[in-house]
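Novice:
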Amino acid sequence: MVQAVANGLLASSVTCLFALGLLPIVLTRRVFHIVHGLLFACAPYAILFVTNSCGANAFVIGVLFAVVVAVTLGLLVDGFIYRPLAKQEASTLNLFVASLGLYTIGTNSLSLVFGDESRSVRVWGLLESWRILGARLTLVHLLTILSAIIGVVAMWALFRFTKLGRQIRAIANDPELARVFGIDVNEVCLLAAAVGSALVACTGILAASDTNATPGMGMQPLMAGLVAVIIGGNRFWGTVLAAFILGMAQHLGVLWLPTQWQEAIVFVILIFVLLLKPSGLFGIQVKKATV
Amino acid sequence: MDYLLHILVLIGIYSVLAVSLDLVAGQTGLLSVAQAAFYGIGAYSSAIVTTKLDGDVWLGGLIGVTTAVIISLAISIPSLRLRDDYFVIATFGFQVIFFNILNNLEFTEGPRGIAGIPRPSFLFWRIESQVDFVILAVGLATLAYLVVSRIGASPFGRVLRSIREDEIFAQAMGKNILYSKVVAVAVSAGLAAMSGSLYAHYVGFVDPTSFTVMESILLISMVVIGGAGSSYGPVFGAAILVILPETLRMIGVPSAVAANLREIVYGLLLVVMVMFRPSGLFGQYRFGR
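If you read the sequences in order, they're chains A and B.
Going by this note's numbering, the first sequence opens with residue 33, and the numbers climb by one from there.
Going by this note's numbering, the second sequence opens with residue 34, and the numbers climb by one from there.
1. Residues of chain B with a CB under 7 Å from the CB of residue 262 of chain A: which are they?
2. Quick one: what does DSSP say residue 154 of chain B is sitting in, helix, strand or coil?
3. Could you please give the first and the last residue of the uninterrupted beta strand (DSSP E) stretch that includes residue 163 of chain A?
4. Of all Cβ atoms in chain A, is any one closer than 7 Å to the Cβ of residue 322 of chain B?
5. Please go through the same chain and pick out, in chain order, the residues whose beta-carbon is closer than 8 Å to the beta-carbon of residue 251 of chain A, but skip the five residues on each side of it.
6. For residue 191 of chain B, which three-state DSSP category applies?
7. What do you get for residue 302 of chain B, buried or exposed, if any count of 16 or more other CB atoms within 10 angstroms of its CB means buried?
8. Can you tell me whether DSSP reads residue 244 of chain B as helix, strand or coil?
9. Is any beta-carbon of chain A found at less than 7 Å from that of residue 77 of chain B?
10. Between the C-alpha atoms of residue 46 of chain B and residue 274 of chain B, what's the straight-line distance to the nearest angstrom?
11. Enumerate in chain order the residues of its own chain whose CB-to-CB distance from residue 82 of chain A is below 7 Å, with the five nearest sequence positions on each side excluded.
12. Rounded to the nearest angstrom, how far is the Cβ of residue 248 of chain A from that of residue 304 of chain B, given a contact under 8 Å?
13. Can you list, in chain order, the residues of its chain with a C-beta nearer than 6 Å to that of residue 229 of chain A? Leave out the 5 residues immediately preceding and following it.
14. How long is the line joining the alpha carbons of residue 117 of chain A and residue 126 of chain B, rounded to whole angstroms?
15. Could you tell me whether the segment 218-232 of chain B touches the segment 263-283 of chain B, using the rule of 3 or more Cβ pairs below 8 Å?
16. Where does residue 48 of chain A land, buried or exposed, given buried means 16+ other C-beta within 10 angstroms?
17. At 9 Å on the CB atoms, spell out the chain B contacts of residue 285 of chain A, in chain order.
18. Please report whether the beta-carbon of residue 312 of chain B lies at a distance below 7 Å from any beta-carbon of chain A.
19. Helix or strand or just coil, what does DSSP make of residue 154 of chain A?
20. Taking a contact to mean a Cβ-Cβ separation below 7 Å, would you say residue 259 of chain A touches residue 271 of chain A in this structure?
21. Label residue 87 of chain B either buried or exposed according to how many other C-beta atoms from any shown protein chain fall within 10 Å of its C-beta, with 16 as the threshold for buried.
22. Looking at chain A, is there any beta carbon in it that lies within less than 7 Å of the beta carbon of residue 39 of chain B?
23. What would DSSP say about residue 263 of chain A, mapped onto helix, strand or coil?
24. Listed in chain order, which residues of the segment 118-143 of chain B have Cβ atoms closer than 7 Å to some Cβ of chain A?
25. Taking 7 Å as the limit between beta carbons, can you name the residues of its chain near residue 51 of chain B, skipping five residues before and five after?
26. When you compare each of A:63, A:50, A:77 and A:67 to residue 245 of chain A by their alpha carbons, which one comes out closest?
27. At 4 residues or longer, and completely inside the segment 66-151 of chain B: list those alpha helix (DSSP H) runs for me, N to C.
28. Residues bridged to residue 168 of chain A by DSSP?
29. Please report the residue range of the alpha helix (DSSP H) in which residue 72 of chain A lies.
30. Compute the Euclidean distance between the alpha carbons of residue 254 of chain A and residue 295 of chain A, then round it to the nearest angstrom.
31. Do residue 64 of chain B and the ligand NAP come close, with the Cβ less than 6 Å from some heavy atom?
32. Which residues in chain A have a C-beta closer than 8 Å to the C-beta of residue 153 of chain B? List them in chain order.
33. What span of residues does the alpha helix (DSSP H) with residue 390 of chain B cover, start to end?
34. Between the Cα of residue 250 of chain B and the Cα atoms of B:208, B:74 and B:128, which residue gives the shortest distance?
35. What's the C-alpha gap between residue 334 of chain B and residue 217 of chain B?
36. Put residue 213 of chain A into one of helix, strand or coil per three-state DSSP.
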């Protein structure tokens with residue numbers, strides 16, 4: 033039971049980090065940013081690339097390289113795909129389809145280069161797991177949970193205290209008005225993409241350090257992350273809370289349901305929340321104009 | 034020659050799917066990522082009814098279509114009351130859950146799939162040869178095309194297009210948009226299920242890997258590339274996207290690489306089309322407004 037709680041906490045941490053990286057991009061570009069799941073997978077493979085070429089000691093360099101790769105890709109996608117589409121006044125549907133196409137290209141490219149089998153990025157040996165309050169956790173697990181806490185604090189600070197954060201919130205609220213006030217929407221979107229992509233790279237590395245890397249590893253966290261953002265009503269604490277709920281529900285639910293239904297739990301919760309409170313747990317009640 | 038006929042059957046199957054998706058995505062403007070799931074419902078219903086329950090081909094098809102329609106209602110009614118974006122996510126989720134169900138349920142034989150699905154026979158006509166299947170496939174494709182284009186030409190079709198163009202205006206004119214959307218999704222699901230039944234009887238074997246998110250994306254590609262909103266656009270899209278991987282195979286690409294390459298091509302086409310020609314090759318409607 034305690035182990036389930038611990039696993040839930042771990043899953044929540046990953047989802048939370050993923051969703052927090054997703055948030056700036058979703059808030060500014062208003063797109064279901066599927067590519068985020070691709071970047072999540074790219075980061076571990078970037079490390080693999082470095083450690084394969086330069087040896088296991090280059091792990092740290094690999095990490096840096098992975099972040100650079102992820103940020104570059106995120107910037108490229110935003111600058112060359114989302115920006116022109118936004119200029120064409122494409123709807124969220126168009127952006128979603130483009131994102132989906134890019135995700136397909138990316139994951140299959142990873143498959144082509146690295147193969148479909150799961151690869152290990154671990155350059156260390158088997159980690160001992162410690163018993164903490166009755167649950168078994170390894171160093172990586174603890175690091176992940178710690179990172180999530182740090183991530184939440186950092187992102188909160190970003191949104192609350194920095195100029196970038198304020199600009200993102202402004203654009204999320206009303207892009208036209210933000211432009212009127214002199215905010216360069218495209219520039220903010222790029223910065224948001226950079227921040228989000230860097231964050232997801234770290235998330236991917238942490239996740240791959242625990243379980244191995246496969247090209248499609250981003251799909252599951254992507255679902256959970258997207259659902260967390262939606263249930264959270266596109267708001268910061270809503271997303272954090274939603275990520276926590278989703279992670280816990282998935283792993284506590286396993287106590288009663290067979291493990292295969294884990295993914296389904298995420299969407300059942302989504303449908304549930306959408307039915308009861310469509311604006312999300314914390315979302316502001318903005319009624320779509322109806323006659 | 035047999036190979037050519039096989040391609041024709043595939044084009045027929047995928048035409049039904051693409052045309053049915055066009056009704057929802059192209060005419061009504063609702064992107065659905067669950068079309069492969071409805072396709073799968075039809076395929077598995079036919080498979081289960083004709084193998085495990087020893088039922089008639091007709092029965093299998095009917096159950097498939099009915100199940101698909103009912104499930105579509107369960108998804109569309111709650112999510113369409115909200116923003117259209119949520120419908121997309123709901124269909125995405127349903128597609129994923131559906132695949133999980135297929136893969137994990139004992140009743141559907143999990144990853145092993147169901148084999149030994151018999152050839153269909155309708156009353157006096159036993160379908161055995163490849164040519165028979167081509168005739169059946171073309172027949173069903175024509176049926177689907179007629180259904181969708183008739184709907185498109187009707188007043189109901191005009192309502193759907195008005196929903197796509199300006200939903201609030203449609204509401205202001207007194208149209209029940211929820212009802213229209215739900216009906217469109219239901220018809221689309223039913224047609225997709227019909228195609229699934231055809232697929233099951235043609236291949237004789239179904240397994241979960243044919244009904245994944247990627248398959249849904251492929252169907253979306255067919256609509257986007259062929260042209261959303263016109264009835265014949267998706268048919269061309271289906272033809273193009275069926276023939277393309279076959280050409281790859283003929284160039285002699287090794288099969289391990291071919292699958293990934295094929296999906297990369299789909300993704301590429303999707304991105305290129307969305308960015309440079311959202312109305313697709315033959316569509317009248319700029320997909321996504």
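C-beta: ideal position from N, C-alpha, C; glycine also.
All of these numbers come straight from a predicted model, not from anything done at the bench.
Specialist: In short:
1. Residue numbering aside, residue 262 of chain A sits at position 230 when the first sequence is read from its first letter. Those within 7 Å of residue 262 of chain A in chain B are 122.
2. By one-based count along the second sequence, residue 154 of chain B stands at place 121. Looking at residue 154 of chain B - three-state DSSP - the assignment turns out to be strand.
3. Residue mapping note: residue 163 of chain A aligns to position 131 of the first sequence, counting from 1. Where residue 163 of chain A is concerned, the enclosing beta strand (DSSP E) stretches over 162-164.
4. Counted from its first residue, the second sequence places residue 322 of chain B at position 289. A caution first: residue 322 of chain B carries a pLDDT of 48, below 50, which makes its placement in the model too unreliable to give a value.
5. Taking the first sequence and counting its residues from 1, one reaches residue 251 of chain A at position 219. Here the set comprises 69.
6. Counting from one through the second sequence, the residue named residue 191 of chain B turns up at place 158. In the structure shown, residue 191 of chain B sits in a helix (DSSP, three-state: H, G or I).
7. Residue mapping note: residue 302 of chain B aligns to position 269 of the second sequence, counting from 1. Buried.
8. On the second sequence, residue 244 of chain B is found 211 positions in, with the first residue counted as 1. Correct three-state label for residue 244 of chain B: coil.
9. Taking the second sequence and counting its residues from 1, one reaches residue 77 of chain B at position 44. No, its Cβ sits nowhere closer than 7 Å to a Cβ of chain A.
10. Taking the second sequence and counting its residues from 1, one reaches residue 46 of chain B at position 13. Taking the second sequence and counting its residues from 1, one reaches residue 274 of chain B at position 241. Going from the Cα of residue 46 of chain B to the Cα of residue 274 of chain B covers about 12 Å.
11. Within the first sequence, numbered from 1, the residue matching residue 82 of chain A stands at position 50. Around residue 82 of chain A: 90, 93, 94 and 97.
12. Along the first sequence, read from residue 1 onward, the residue named residue 248 of chain A stands at position 216. Along the second sequence, read from residue 1 onward, the residue named residue 304 of chain B stands at position 271. With 8 Å as the limit, residue 248 of chain A and residue 304 of chain B do not qualify as a contact, their Cβ atoms being about 19 Å apart.
13. By one-based count along the first sequence, residue 229 of chain A stands at place 197. Same-chain partners within the cutoff: 71, 102, 103 and 106.
14. Position 85 of the first sequence, counted from the start, is the residue given in the question as residue 117 of chain A. Position 93 of the second sequence, counted from the start, is the residue given in the question as residue 126 of chain B. Looking at the two C-alpha atoms, the distance is approximately 25 Å.
15. no
16. Reading the first sequence from its first residue, position 16 is the one you call residue 48 of chain A. Buried: at least 16 other Cβ atoms inside 10 Å.
17. What you label residue 285 of chain A is simply residue 253 of the first sequence in a count that begins at 1. Correct list: empty, because the minimum Cβ distance to chain B is about 14 Å.
18. One-based indexing of the second sequence puts residue 312 of chain B at position 279. Taking Cβ atoms only, chain A never reaches closer than 7 Å to residue 312 of chain B, which makes this a no.
19. Position 122 of the first sequence, counted from the start, is the residue given in the question as residue 154 of chain A. In the structure shown, residue 154 of chain A sits in coil (DSSP, three-state: anything other than H, G, I, E or B).
20. By one-based count along the first sequence, residue 259 of chain A stands at place 227. By one-based count along the first sequence, residue 271 of chain A stands at place 239. Not in contact: residue 259 of chain A and residue 271 of chain A (Cβ atoms no closer than 7 Å).
21. Translated into the one-based positions of the second sequence, residue 87 of chain B becomes position 54. Counting C-beta atoms within 10 angstroms of its own C-beta, residue 87 of chain B has fewer than 16 neighbours from the protein chains shown and is therefore classed as exposed.
22. Translated into positions along the second sequence, residue 39 of chain B becomes position 6. Judged by the 7 Å Cβ criterion, residue 39 of chain B is not in contact with chain A.
23. On the first sequence, residue 263 of chain A is found 231 positions in, with the first residue counted as 1. Assigned with DSSP and collapsed to three states, residue 263 of chain A falls in helix.
24. 118, 119, 121, 122, 123, 126, 129, 130, 133 and 137
25. Working through the second sequence from its first residue, we reach residue 51 of chain B at position 18. Close CB contacts of residue 51 of chain B within its chain, under the 7 Å cut and outside five residues either way in sequence, are with 252, 255, 256, 259, 267, 268, 270 and 271 (chain order).
26. Within the first sequence, residue 245 of chain A is the residue found at index 213, counting from 1. The option with the nearest alpha carbon to residue 245 of chain A is A:77.
27. 68-84, 90-113 and 117-137
28. Working through the first sequence from its first residue, we reach residue 168 of chain A at position 136. Bridge partners of residue 168 of chain A: A:163.
29. Position 40 of the first sequence holds residue 72 of chain A. Residue 72 of chain A -> alpha helix (DSSP H) spans 67-86.
30. In the first sequence, counting from the first residue as 1, residue 254 of chain A sits at position 222. In the first sequence, counting from the first residue as 1, residue 295 of chain A sits at position 263. Just so you know, the alpha carbons of residue 254 of chain A and residue 295 of chain A end up roughly 11 Å apart.
31. Ligands are entirely absent from the displayed structure, and the ligand NAP is therefore not among its contents.
32. Locating residue 153 of chain B in the second sequence gives position 120, counting from the first residue. Those within 8 Å of residue 153 of chain B in chain A number zero; the least Cβ separation is about 32 Å.
33. Coverage of chain B is limited to positions 34 through 322, which leaves residue 390 of chain B absent and any answer about it impossible.
34. Here residue 250 of chain B corresponds to residue number 217 of the second sequence, with the count starting at 1. The candidate whose alpha carbon is nearest that of residue 250 of chain B is B:128.
35. Because chain B here runs from 34 to 322, residue 334 of chain B falls outside it and cannot be looked at.
36. Translated into the one-based positions of the first sequence, residue 213 of chain A becomes position 181. Shown here, residue 213 of chain A sits in coil according to DSSP, grouped into three states, outside any helix or strand.
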